[in-house]
Structures are given as structure tokens and as C-alpha cells.
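The block underneath contains the structure these notes are about, expressed in C-alpha cells.
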Amino acid sequence: MNLSISGHHLEITPAIRGYMTTKVERIRRHFDQVIEVNALLSVDKLDQKAEITLHVRGKDLYAEAIDADLYAAIDALIDKLDRQGVKYKSKRNDHGHHAIKHQE
């Protein structure tokens, strides 16, 4: 897995990089084959924005979150991406096979 963290008007400190890495590990438990993760952290006046694009086999997942605190924005971002990952995985594993009940 390639993890790329970029900052826009923000310096990526080792603490931020470590926090983001541990949070992305939570997402990896849903997917066996994460190809690439691109994260963009930015600051606009008082808003801290976190964006992430997760490339997995067959799909790209994108989420963004804005908060006054960067760590809170990262947490919200990971929660959104986690929900998307669960939804995608359940759709992928479903294959449209539904049991048909026969009335007797």
C-alpha cells in the first residue's frame, strides 16, 4: 500500500503523519488489497480540511471532512471512509443473490 500525505498551506509533521497512518490502518481491515491512499490536509483561514482518496481493486473511494481542529477532521474523515468501505464491501460480496421464498 502506498500512502501519500500532502499538505496545502500546512507542514506535515511527524505527529500528523503518524496519526494519519494509524487511522488508515483501521480502513485496511476492510480491504485486502488497498493499492494506494492519497491524503490531502489543508488549512483555509479557521477551517482545517482533510481529504482522502482510497484506491482499491475495482473502485476509488473519496471522502472529505472540515473541522476547526485538524485531528477532529481526520477522525470524521476516517469515519466517513469506514462507512463507505463497509457499504462497498457488502455490495461486492452480495452479488445480487436473494433467497426466494416459495409458498406452499
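Just so we're on the same page, our numbering is the position in the sequence shown counted from 1, plus 1.
Beta carbons are placed, not taken as given, at the ideal position from N, Cα and C, and that holds for glycine.
Let's see if you can read the secondary structure: which residues bound the beta strand (DSSP E) around residue i?
| i | result |
| --- | --- |
| Ile-53 | 48 to 57 |
Could you please give the first and the last residue of the uninterrupted alpha helix (DSSP H) stretch that includes residue i?
| i | result |
| --- | --- |
| Glu-37 | Premise fails: Glu-37 lies in the beta strand (DSSP E), 35 to 45, not in any alpha helix (DSSP H). |
Give the secondary structure of residue i by DSSP, where H, G and I count as helix, E and B as strand, and everything else as coil.
| i | result |
| --- | --- |
| Leu-82 | helix |
| Ala-69 | coil |
| Ile-13 | coil |
Rounded to whole angstroms, how far is the Cβ of residue i from the Cβ of residue j, which I believe are closer than 8 Å?
| i | j | result |
| --- | --- | --- |
| Gln-85 | Leu-62 | 5 Å |
| Asp-70 | Arg-27 | With 8 Å as the limit, Asp-70 and Arg-27 do not qualify as a contact, their Cβ atoms being about 19 Å apart. |
Pull up the DSSP beta-bridge partners for residue i, would you.
| i | result |
| --- | --- |
| Asn-94 | BP columns for Asn-94 are empty, so no partner. |
| Tyr-63 | Thr-54 |
| Gly-8 | Leu-42 |
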